[in-house]
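Only one structure is covered here, and it is reproduced in the block below.
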Amino acid sequence: EFIQANIMPGSKVRYFSTHKAAVGAMFLDEMQEDRKTLPIFPYRERLLDAITEHQVLVIEGETGSGKTTQIPQYLHEAGYSKVGKIGCTQPRRVAAMSVAARVAQEMGVKLGHEVGYSIRFEDCTSDTTIIKYMTDGMLLREFLSEPDLASYSVMMVDEAHERTLSTDILFGLVKDITRFRPEIKLLISSATLDAGKFSDYFDGAPIFRIPGRRFPVDILYTKAPEADYLEAATVTVLQIHVTQPPGDILVFFTGQEEIEAAEEILKHRTRGLGSKIAEMIICPIYANLPSDMQAKIFEETPEGARKVVLATNIAETSLTIDGIKYVIDPGFCKQKSYSPRTGMESLIITPVSKAAAQQRAGRAGRTSAGKCFRLYTAWSFQNEMDDNTVPEIQRTNLGNVVLMLKSLGINDLINFDFMDPPPAETLLRALEQLYALGALNDRGELTKLGRRMAEFPLDPMLSKMLVVSDKYLCSEEIVTICAMLSVGNSIFYRPKDKQVHADNARMNFHAGNVGDHLALLKVYDQWKETNFSTQWCYENYIQVRSMKRARDIRDQLEGLLERVEIEPTSNPSDLEGIKKAITSGYFYHTAKLQKNGSYRTIKNPQTVSIHPSSGLSQVLPRWVVYHELVLTTKEYMRQVIEIKPDWLVEIAPHYYKLKDVEDAGAHKMPKGKGKATID
Ligand code: ADP
Ligand code: MG
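Here the UniProt record's numbering is used: the first residue of the sequence shown is 370, the next is one more, and so on.
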């Protein structure tokens, strides 16, 4: 019988203190003993023998068996690091950072020295680094400077089952390398999924299986579908907390916003209940969580307390948290979706696959028997969920990857050795887009502009806007805007009890309805004027951490601009120039106001709206360029500026003709009025 929602229990909610556990020699011994208890340890010698014998090895093992943290260390201990670096890719940046930190600890070295990591905009490695964890995207970029991976003796493509776009492209590239570098070792490791498929792809490479230890997990379903899984999940947490024996809880959410909402609800419902109930320790984990807080999910739960980990699907296979006995699975995740027909990409909350649901449940049975509460019905598991997640390559825009492959000299993309090829239409669409951006010529070859764009670890549209900022004499402004956009939607914060103040502070940056990109520029410039003051951030409801990250990203982008020989230019008062530079990258993302206050995208018409968080959401300009689309209750455009339609023909003559931007019979919209008759 699954959970009755009639008890409203309470407990103390506590957060881990920020003290850093010092790892002294004492801990080191203990850690070395711990390493020997991992399921992979008994297979150490056999594994090393198999690697000696075979150039390519597929390794399959239950999540948490020790693949990611142990195999690179075994290789190092066996001497591979004397010949070259040991590389290990991860699909997620949090995993790369966290695992590197753990391995550095186990080896008793300082992170960034012998053991380091490299993620976009953050290189924590040095000349002494011999074990290097990195995101799959970063390894792809390394191919641009080192196409044969000469500095590596072993490359481990980890979490291969995740089938991210970058991992899928890496498969083709590393497979090629094994042909002309017979001495390099290649390991493809994954959770217990798809090993056969990997082996087939890598010309029948042997599969090394690490038997996992698994305790039984009871799976419970809801009797009826849940209308609000966030509510259902938090109620379930509280129910488990009061009715179930000790053991930590892991809840899967789709993203930071949900996690923060759940945290808020749990705090609220347990407030004031003091010692009536056991202590509850809430630990959020998601990609943008600051790294000092990421470490906390691994701290041991004190006697008598219960840890509740609120995670994205990062905890599905990438990170293993010991002590989890209860898993709550609402059955959703955030996924990219792409329509080659309209050329639109958006993030959508979608049901997980059966395979993902099984992985999630498995997290409850690692150290003892556990329970998994599925917030959906057994019927919907059987009948509504796909067996496997569709590989990202089949549901994403390929502009980035095509630009990268072209710069690696791989021209024949149709015949690239894909494990699962992308739809031909998607490839064509990417080529078309790069052509319209001016990155490829009409023979599909990389242009000088394209070559410069490929230098940036950014989406081609962002790279384009950076490179052309030169022409509009505003590279300083555009590089700031790029950095701010790259931080994501975490610049402004809005505490529950001070929403009005926060909104007012935010609107100050929007004075003159300059548009969201320019508001972000203003935020950065004002912060800079205060000498990067933290106090200023507090007063303006700005997240200081996000700003610091923006500053780091900005510094790096500036360095890259120098590499492509773009001089710093600045003209803060020329808003039109700045907006034109933005439009040069984003002319694809143009929409026009309709009579009913919604918008229609110009080519491949689709109805969209301005996101309520935008400074222009009440202003409703006639023509806008947007940064991204997010699908929640509707398709929303996030980060919007107003443009003049004739810019489109001027800037992107390949793409827009006069007839696309003509406003036959249009009435002029009165300035400053929200509503106007148009068309
Ligand atoms: P796999 O890659 O096979 O899923 P891992 O090597 O990631 O397994 O995990 C092995 C063990 O190391 C697990 O018990 C996990 O909890 C622990 N571990 C991994 N990262 C950390 C970390 N940052 N802090 C503490 N323990 C960790
Ligand atoms: Mg792993």
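Backbone N, C-alpha and C fix where the C-beta goes; we use that ideal spot for every residue, glycine too.
Considering Cα atoms alone, identify which of 858, 871 and 419 is closest to residue 579.
Among 858, 871 and 419, the Cα nearest to that of residue 579 belongs to 419.
From the DSSP output, in three-state form, read off residue 598 for me.
In this structure, DSSP gives residue 598 a helical state, which the three-state scheme calls helix.
Using a Cβ distance threshold of 8 angstroms, determine whether the region 683 to 703 contacts the region 733 to 745, with at least three qualifying pairs required.
Short answer: they touch.
Inspect the beta-carbon positions of residue 707 and residue 766 and report whether they are closer than 8 angstroms.
Yes, the Cβ-Cβ distance between residue 707 and residue 766 is below 8 angstroms.
Give the residues whose C-beta lies closer than 5 angstroms to at least one heavy atom of the ligand ADP, in chain order.
Qualifying residues come out as 432, 433, 434, 435, 436, 437, 438, 467, 471, 667, 689 and 691.
Buried or exposed for residue 814, please, with buried defined as at least 16 other CB atoms from any protein chain shown within 10 angstroms of its CB.
When all chains shown are included, residue 814 counts as exposed.
So for residue 712, helix, strand or coil by DSSP?
It is coil, neither helix nor strand.
Are residue 732 and residue 693 closer than 8 angstroms when you measure CB to CB?
A contact, by the Cβ cut-off of 8 angstroms.
Using DSSP with H/G/I as helix, E/B as strand and the rest coil, what is residue 492?
DSSP, read as helix, strand or coil, puts residue 492 in strand.
Give me the residue from 646, 662, 625 and 675 with the minimum Cα distance to residue 655.
Selected option, being the one with the closest Cα: 625.
So the beta strand (DSSP E) residue 428 belongs to, where does it begin and stop?
In the DSSP assignment, residue 428 falls within the unbroken beta strand (DSSP E) covering 425 to 430.
Which of helix, strand or coil does DSSP assign to residue 891?
Residue 891 falls in the helix class under three-state DSSP.
Between which residues of its own chain and residue 555 is the CB-CB distance below 6 angstroms, once the five residues before and five after are set aside?
Excluding the 5 residues flanking it on each side, residue 555 has same chain C-beta neighbours closer than 6 angstroms at 425, 524, 543 and 547, in chain order.
Roughly how many angstroms separate the alpha carbons of residue 454 and residue 435, rounded to a whole number?
Approximately 20 angstroms, taken between the alpha carbons.
Beta-carbon contacts of residue 864 that lie in its chain and below 7 angstroms, excluding the five residues immediately before and after:
For residue 864, where only same-chain residues beyond five positions count, the Cβ hits under 7 angstroms are 871.
So within the region 718 to 775, which uninterrupted beta strand (DSSP E) runs reach at least 3 residues, ignoring any that extend past its ends?
The region 718 to 775 contains these whole beta strand (DSSP E) runs: 739 to 743.
Who are residue 698's beta bridge partners in DSSP?
Note: residue 698 sits in a beta bridge opposite 743.
Does the beta carbon of residue 902 fall short of 7 angstroms from some heavy atom of the ligand MG?
For the ligand MG, not one heavy atom lies less than 7 angstroms from the Cβ of residue 902.
Opposing strand residues paired with residue 706 [DSSP bridges]
Residue 706 is bridged to 715.
Consider the Cβ of residue 842: report whether some Cβ of chain C lies at a distance smaller than 8 angstroms.
Absent from the structure is chain C; it holds one protein chain and no more.
Taking three-plus beta-carbon pairs below 8 angstroms as touching, is the region 581 to 590 in contact with the region 457 to 474?
With a cut-off of 8 angstroms, the region 457 to 474 and the region 581 to 590 do not count as touching, because too few Cβ pairs lie within range.
Distance, residue 686 Cα to residue 959 Cα:
Rounded to the nearest angstrom, the two C-alpha atoms are 38 angstroms apart.
Whole-angstrom distance between residue 660 and residue 770, CA atom to CA atom
Each residue's Cα considered, the two are about 28 angstroms apart.
Express the C-alpha separation of residue 448 and residue 1000 in angstroms, rounding to a whole number.
Straight-line Cα distance between these residues: approximately 50 angstroms.
With a 10 Å radius around its C-beta and 16 neighbouring C-beta atoms as the bar for buried, classify residue 501 as buried or exposed.
Residue 501 sits buried, since 16 or more C-beta atoms from the chains shown fall within 10 Å of its C-beta.
Spatial neighbours of residue 764 in its chain, beta-carbon cut-off 8 angstroms, leaving aside the 5 residues before and after
If we look at residue 764 and ignore the five residues flanking it on each side, its Cβ neighbours are 704, 705, 706 and 707.
Tell me which residues share the same chain as residue 511 and place their Cβ nearer than 6 angstroms to its Cβ, disregarding the 5 neighbours each side in the sequence.
Cβ within range, chain order: n/a, list empty.
Looking at the structure shown, is residue 465 part of a helix, part of a strand, or coil, going by DSSP?
Annotated three-state conformation of residue 465 is helix, per DSSP.
Would you decide whether residue 486 is buried or exposed? Buried here means 16 or more other CB atoms lie within 10 Å of its CB.
With 16 or more neighbouring CB atoms inside 10 Å of its own CB, residue 486 falls in the buried class.
With a threshold of 16 other CB atoms inside 10 Å of the CB of residue 735, please say whether the residue is buried or exposed.
If you draw a 10 Å sphere on the C-beta of residue 735, you find 16 or more other C-beta atoms in it, and that means buried.
My output table needs one value for residue 610: the three-state DSSP class, helix, strand or coil.
Here residue 610 carries a helix assignment [DSSP, helix/strand/coil].
For residue 528, is the beta carbon positioned less than 7 angstroms from some heavy atom of the ligand MG?
In this structure, the ligand MG has a non-hydrogen atom nearer than 7 angstroms to the beta-carbon of residue 528.
Residue environment, residue 798, which counts as buried when at least 16 other CB atoms sit within 10 Å:
Result: buried.
Status (buried if at least 16 other CB within 10 Å, exposed otherwise) for residue 623
With 16 or more other Cβ atoms from the protein chains shown falling within 10 Å of its own Cβ, residue 623 counts as buried.
Is it the case that the CB of residue 687 approaches a heavy atom of the ligand MG more closely than 7 angstroms?
Yes, Cβ of residue 687 sits closer than 7 angstroms to a heavy atom of the ligand MG.
Among all the DSSP beta bridges, which residues are the ones paired with residue 419?
Partner(s): none; residue 419 has no beta bridge.
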